[in-house]
Structure formats: structure tokens, C-alpha cells
């Protein structure tokens with residue numbers, strides 16, 4: 001019995017050491033560091049967001065976010081995400097139709113709405129694309145998504 005408790009304690013200590021070694025000094029936009037919990041949440045959102053991106057977005061925006069020729073705009077290095085994540089959230093949920101200009105190129109396609117996505121799923125997708133391909137916007141939470149969707153036209 002004592003050996004079992006000692007083994008569990010050793011496993012616990014090992015896990016704490018491993019988890020703390022994963023801690024890095026990721027910065028928020030205001031220059032402060034993300035807490036360990038925030039870093040774990042960011043990593044979880046990015047992993048789940050990548051799965052959802054693959055399911056819902058890759059066919060058009062491609063695995064690397066570069067879009068599809070002159071038909072589908074790129075979302076890699078996205079100015080919209082960096083300056084107005086609320087707009088990107090609204091587009092993910094409600095779709096988009098009409099001309100959009102990205103890096104001097106006009107795209108006139110239609111992005112279908114994703115009404116079936118939950119606020120959490122939209123937060124995860126936005127966090128993934130917002131922290132991939134030279135984008136760096138940090139964590140997008142489901143409460144941020146909820147607020148953004150209230151403001152959608």
C-alpha cells in the first residue's frame with residue numbers, strides 16, 4: 001500500500017515537472033506574459049481549432065491558409081484578423097458574399113454560413129487561424145465570440 005502511494009506521488013511530481021517544462025514566456029498584446037493556465041487553454045484551442053478548420057475551412061482556404069487562386073482569399077497573415085477579429089467571427093458564423101479585397105486582389109466569391117458552429121467552436125477556429133501562418137492574436141474566448149455575434153449585421 002505504501003509503495004502504491006509513493007509511486008502515485010512520484011508520477012504526480014513527474015507530471016508537474018513535465019508540465020512546467022512546457023511553460024514558455026508567451027506574451028499578450030499588452031506585453032504581459034500568459035499565465036500557465038492561459039497557455040494551456042491557448043494550446044487546447046489551437047489543437048481543437050485545427051481539427052475544426054480542417055473539417056470546415058480547408059477545402060476553400062487550403063491547409064496553409066493561402067486560399068484558392070483568385071477564387072478564395074487567403075487568411076494567412078490576415079490583416080482582418082489582426083485588426084478586427086469580430087468581423088472574422090461574424091464571417092465564420094454568417095458567411096460572406098460580395099467583393100472583398102485582400103493584398104490588392106479582389107475576390108468575389110461566396111463563403112457559406114456555419115450556423116451549426118457553437119460559440120466555443122468559433123472561438124477555437126478563430127484562435128487557431130489567429131495564431132497560425134504569421135498571425136498572432138492570442139486566445140479568442142467564447143464570450144468574445146458571443147459579444148461579436150451580437151454586433152453582426
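Residue numbers (our numbering): 1 to 153. Each residue gets a CB set at the ideal place from its N, CA and C atoms; glycine is no exception.
Residues near residue i in its chain [Cβ-Cβ closer than 8 angstroms; skip 5 each side]
{"i": "residue 23", "result": "Its pLDDT being 47, under 50, residue 23 is placed unreliably by the model, and the measurement read from it follows with that caveat. Here the set comprises 36, 39."}
{"i": "residue 85", "result": "126, 130, 137, 140, 144, 148"}
{"i": "residue 117", "result": "52, 56, 92, 93, 125"}
Extent of the continuous alpha helix (DSSP H) run through residue i
{"i": "residue 140", "result": "Taken as a continuous stretch (DSSP letters only), residue 140 belongs to no alpha helix (DSSP H), as it is neither H nor E."}
Residue range of the beta strand (DSSP E) that includes residue i
{"i": "residue 48", "result": "Looking at the DSSP string, residue 48 is not in any beta strand (DSSP E); the run it does join, the alpha helix (DSSP H), is 36-56."}
{"i": "residue 89", "result": "Note, residue 89: premise wrong, no beta strand (DSSP E); alpha helix (DSSP H) at 85-94."}
{"i": "residue 101", "result": "100-102"}
Nearest-angstrom beta carbon gap, residue j and residue i [assumed within contact, 8 angstroms]
{"i": "residue 171", "j": "residue 56", "result": "Beyond the ends of the chain as shown, which are 1 and 153, falls residue 171; an answer cannot be given."}
{"i": "residue 134", "j": "residue 76", "result": "7 angstroms"}
Paired residues, beta bridge with residue i - DSSP
{"i": "residue 124", "result": "DSSP output for residue 124 lists no bridge partner at all."}
{"i": "residue 105", "result": "102"}
{"i": "residue 110", "result": "97"}
{"i": "residue 68", "result": "72"}
Neighbourhood of residue i by C-beta, 7 angstroms cutoff - its chain only, sequence neighbours within 5 removed
{"i": "residue 100", "result": "73, 107"}
{"i": "residue 109", "result": "71, 72"}
{"i": "residue 60", "result": "68, 72"}
{"i": "residue 2", "result": "Unreliable placement is indicated for residue 2, whose pLDDT of 49 sits below 50; no coordinate value is reported for it."}
Contact set for residue i: own chain, Cβ-Cβ below 6 angstroms, skip 5 residues either direction
{"i": "residue 128", "result": "46, 49, 50, 53"}
{"i": "residue 119", "result": "142, 145, 146"}
{"i": "residue 111", "result": "95, 96"}
- Message: Does the structure place the segment 57-71 close enough to the segment 136-144 that three or more beta carbon pairs sit under 8 angstroms?
- Response: Cβ pair count under 8 angstroms is below three, so no.
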